[in-house]
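Here is the structure we will look at.
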Amino acid sequence: LVVGHEPGGPRFSQYACQRRTTTDNYNVVFTDAFEVLAECYEFNQMDGRCLAFRRAASVLKSLPRGLSSLEETHSLPCLGGHAKAIIGVGSSPKVLSDERYQTLKLFTSVFGVGPKTAEKWYRSGLRSLDHILADQSIQLNHMQQNGFLHYGDISRAVSKAEARALTKAIGETVQAITPDALLALTGGFRRGKEFGHDVDIIFTTLELGMEENLLLAVIKSLEKQGILLYCDYQASTFDLTKLPTHSFEAMDHFAKCFLILRLEASQVEEGLNSPVEDIRGWRAVRVDLVSPPVDRYAFALLGWTGSRQFERDLRRFARKERRMLLDNHGLYDKTKEEFLAAGTEKDIFDHLGLEYMEPWQRNA
Ligand code: 8DG
Ligand code: MN
Ligand code: MN
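Below, the structure is given as structure tokens:
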């Protein structure tokens with residue numbers, strides 16, 4: 006492996022937003038190991054170590070071929086001693102067979118169950134989903150009830166064909182409400198992934214201030230069409246005057262909803278991504294919709310396209326290298342003390358002095 010600096014930018018920058026990362030991962034053995042460890046540290050609320058392993062995984066994902074020796078890691082950023090040791094030994098992490106890890110992983114696989122709830126259940130001795138459903142003392146909230154109800158369907162991957170079918174259905178629904186709309190399939194599918202855990206769609210109307218009404222009308226229409234199985238609607242808490250936040254994980258303040266939709270097999274040319282559901286004739290799919298004001302569309306699109314690691318490093322790069330604050334709502338230049346407007350994602354990369362990265366190069 007020749008590690009060098011290519012013309013036009015550093016290939017092995019410490020920032021994921023300066024590394025072109027496609028869905029071709031030649032180091033999946035190592036990145037899987039690192040991601041298991043990151044998740045384990047996340048369960049144990051050791052955020053520093055969690056992030057260190059996410060970064061290490063992200064660097065290896067950007068390599069043009071598989072690592073063949075430990076030597077090759079010396080010129081790579083973000084690989085600590087622990088990560089290098091794993092590459093050297095080439096073994097899968099021991100935590101994989103750890104009961105606590107396995108149980109927390111299982112519990113958090115239910116829609117609506119986060120690490121805190123999973124931990125609480127684990128501490129009270131619960132070890133399986135059947136245990137939880139049988140336990141009279143547990144009060145599941147509405148989201149969790151639906152997570153269990155549709156567990157089989159929504160724990161199965163969503164295919165690109167299924168995502169396209171849902172984008173078409175949502176697109177037609179939006180179009181029927183307002184003809185002057187913008188809409189895009191975002192998240193992992195926009196980055197070229199073949200499968201995902203949900204379908205992320207962003208849309209807005211050219212009429213500034215009407216975006217929240219549009220989302221509400223879309224939800225109402227989905228309900229009327231009989232395909233809305235579950236809806237968690239989050240009203241906009243967007244404040245124009247606020248500076249972008251420093252936090253990496255902050256959810257944005259746009260009107261959005263987390264849905265479970267019914268997808269008919271007949272809507273998908275290739276059929277559903279499951280023989281059983283295909284016979285049944287439909288499946289449930291997790292869908293996220295977000296509707297930002299049109300003047301923030303580019304920022305929201307960039308934020309919702311991900312990957313999470315790419316977004317984290319875009320913000321870190323902006324802060325550390327440019328004295329700018331970036332989030333899903335906007336970009337603030339601390340030196341000039343002003344917000345920088347953007348009509349396209351390209352404008353945002355330009356403001357940051359970064360080479361443009363296509364969505365399919367953002368799989369960091
Ligand atoms: P996957 O579904 O294929 O597993 O991967 P993904 O599409 O990359 O992940 P995701 O969990 O669906 O998130 C897509 C992007 O959306 C990710 O970069 C994070 C971003 N995102 C925001 N704000 C919010 C928010 O408020 N809630 C959620 N769920 N995601 C958000 O920027
Ligand atoms: Mn997604
Ligand atoms: Mn999502």
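If you read the sequence shown in our numbering, its first letter stands for residue 6, the second for the next number, and so on.
For each residue, glycine too, the CB sits at the ideal point set by N, CA and C.
- Secondary structure of T210, DSSP reduced to three states: T210: strand per DSSP, three-state reduction.
- Message: Looking at the secondary structure, which residues open and close the alpha helix (DSSP H) in which R169 lies?
- Response: K165 to I182
- Message: Please report the distance separating the alpha-carbon of Q314 from that of A21.
- Response: 7 Å
- From H10 to L68, what does the alpha carbon distance come to, in whole angstroms? In this prediction, H10 scores a pLDDT of 44, lower than 50, which makes its location untrustworthy; no coordinate-derived value is stated.
- Query: Is it right to say E269 is buried, meaning 16 or more other beta carbons lie within 10 angstroms of its own, or is it exposed?
  - Reply: exposed
- Looking at C-alpha atoms only, which residue of F354, D185, L266 and P280 is the closest neighbour of L306? It is F354.
- Can you tell which of Y156, K121, H356 and N146 has its C-alpha closest to the C-alpha of D135? Y156
- Task: Could you tell me the boundaries of the alpha helix (DSSP H) in which Q107 lies?
- Result: E104 to T113
- Query: What do you get for S312, buried or exposed, if any count of 16 or more other CB atoms within 10 angstroms of its CB means buried?
  - Reply: By the neighbour-count rule (16 or more Cβ atoms within 10 Å), S312 is buried.
- Under 6 Å from any heavy atom of ligand 1, does the C-beta of Y202 make it? Note on identity: in this sequence residue 202 is His, with Tyr being the wrong assignment. H202 Cβ: within cutoff of ligand 1.
- Task: Mind listing, in chain order, the continuous beta strand (DSSP E) runs of no fewer than 3 residues lying wholly within the stretch 25–51?
- Result: For the stretch 25–51, not a single whole beta strand (DSSP E) run of length 3 or above is found.
- Would the stretch 156–171 and the stretch 276–291 be scored as touching if the rule is three or more Cβ pairs under 8 Å? Yes, the stretch 156–171 touches the stretch 276–291.
- Item | Simplified DSSP state of Q239, which is helix, strand or coil | Judged by DSSP in its simplified three-state form, Q239 adopts strand.
- Item | Inter-residue CB distance, N368 and K121 (contact presumed, cutoff 8 Å) | At roughly 29 Å, the Cβ-Cβ gap does not stay under 8 Å, so N368 and K121 are not in contact.
- Buried or exposed by the 16-neighbour rule on C-beta atoms within 10 Å, applied to G14: Unreliable positioning characterises G14 in this predicted model, as indicated by a pLDDT of 46, which lies under 50. A coordinate reading is not provided.
- Among N32, A170 and L221, the one whose alpha carbon lies nearest that of D205: A170
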